[in-house]
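A short worksheet on the structure shown next.
Protein chains in written order, with the numbering used here: chain A, 9 to 259; chain B, 76 to 332.
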């Protein structure tokens, strides 16, 4: 218990130190404030940005694409993954192929997506799905593998129907792993979509981040980075909270 | 929870089983015939891979035999039938996301038994195996022996006349195994179910059983049926008595040959 407190304090200390260095290094001119504006300036810029309708519309555009891509990629990937993993033959055929595709950096396909879909809404959605679906499928394979044969045998020996086997054995076994899929999916999805926006788009947070970078507007750039980082961490930790709740029985 | 009459009879006649693995056929069991009367404690021993577990899985209706017939309580077995047979596996195979009580209730809940009745029966079964007070514990909070007790309670909760046990204590340490053996005999004495117990422990088989079936190596055939004429209740001291030692040697010689 004591070492847990120590660890937590140390973590907080590191975060504060980073933020502290960020605040004071430019102030004491260790770093050029044009390259790294102090944290307080950046936060003030962020507050200001959040008070403009334009910034909100960029944010909304990105979230819209992200949510649509997420809502398609996760169920689709999970269902495809489970269906494939349920058939030993299909698993042997597809598993290595999915792993091959997974190992390729998705960013190199971005120009192709632009050629096919243009640079509007559905191109971002398509690229988000493409960035996400393989990790979801791979996690779904792992989810099916996490269902133990002896658990299925017990259900069978006590006369479980197929439906009962799915709801009483498959689902509870797979839930923690599938939640992990959801979490990883959001990271991959968000990364893909921001990249697509930075590369070629007319709106979205990725788009303004790209523009501010090129325009050397570091306060705005860093403010947007803080915001995106904060949103991602909040989402990730929320899912992790549910993961832990579902895993209490793992002891 | 006492079983009488013929409901717990098990009749196996001319049972054979051939596996087809990777295009090759492999005979696991060869013309097994045996009958067990209600309330008897029977063990099956034999070298590893002799098909003793397969035989048990066939009795449980989990594997379909290639030929021959199985009748339980006078009726043929055509698939898993939890009202006639409870099964206890080597791994306790409890669902880790359910409490001990919910694990025991599991077979009842599959049949849609009313919640109140389910709870009462589960608590009764847990008490029978000496686990009152652990109803709300999760499997990871229980020791190996306690998990296996929960598994036995799950096997007994529907009050089937027959309990099949597949090396249930093999994964436990020596001391726990002996305690669990005594516990099992106590439960058996109270319920008088037919027990068919697969094990590779010869002493364990003799200590627990009325009769020991000795199977040969692959394909498994019945080499001998040894009547254990030791008085009950069995005690640890009996294990060093000449009769016990003689039985053990008789069985060992057959397995070795």
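For each residue, glycine too, the CB sits at the ideal point set by N, CA and C. Please read these numbers as outputs of a predicted model, since none were measured by experiment.
Check, Outcome
"Counterpart residues of residue 116(B) in DSSP-defined beta bridges", "270(B)"
"CA nearest to the CA of residue 120(A), picked from 234(A), 31(A), 238(A) and 208(A)", "208(A)"
"Cut-off 6 Å between Cβ atoms - residues of its own chain near residue 226(B), not counting five sequence neighbours on either side", "163 and 167"
"Beta carbon proximity, residue 155(B) to chain A, threshold 8 Å", "yes"
"Whether residue 90(A) touches residue 152(A) by CB criterion (8 Å)", "yes"
"Chain A contact for residue 215(B) (CB, 8 Å cutoff)", "yes"
"Range of the contiguous alpha helix (DSSP H) that encloses residue 222(A)", "213-222"
"Integer Cβ distance of residue 99(A) from residue 92(A), believed to fall under 8 Å", "6 Å"
"Contact check, residue 272(B) vs residue 109(B), beta carbons under 8 Å", "no"
"6 Å CB neighbourhood of residue 181(A) in its chain, flanking five on each side removed", "154 and 155"
"Among 289(B), 320(B) and 236(B), the one whose alpha carbon lies nearest that of residue 265(B)", "236(B)"
"Start-to-end residues for the beta strand (DSSP E) that takes in residue 110(B)", "99-111"
"CB contact check: residue 40(A) to chain B, cutoff 8 Å", "no"
"CA nearest to the CA of residue 91(B), picked from 134(B), 257(B) and 123(B)", "134(B)"
"Identified DSSP bridge partners for residue 94(B)", "101(B)"
"8 Å contact criterion, which residue 86(A) and residue 150(A) should meet: CB distance rounded", "Wrong, their Cβ atoms sit about 12 Å apart, outside the cutoff."
"Own chain residues within Cβ distance below 8 Å of residue 205(B), not counting five before or after", "224 and 258"
"CB contact check: residue 135(B) to chain A, cutoff 8 Å", "yes"
"Outcome for residue 200(B) when other beta-carbon atoms lying within 10 angstroms are tallied against a minimum of 16", "buried"
"Min CB distance residue 168(A) to chain B below 8 Å", "yes"
"C-beta contact flag for residue 205(A) and residue 16(A) at 8 Å", "no"
"Beta-carbon proximity check, residue 242(B) vs residue 275(B), cutoff 8 Å", "yes"
"First through last residue of the beta strand (DSSP E) which encompasses residue 300(B)", "297-302"
"Residue from 42(A), 21(A), 158(A) and 103(A) with nearest C-alpha to residue 224(A)", "42(A)"
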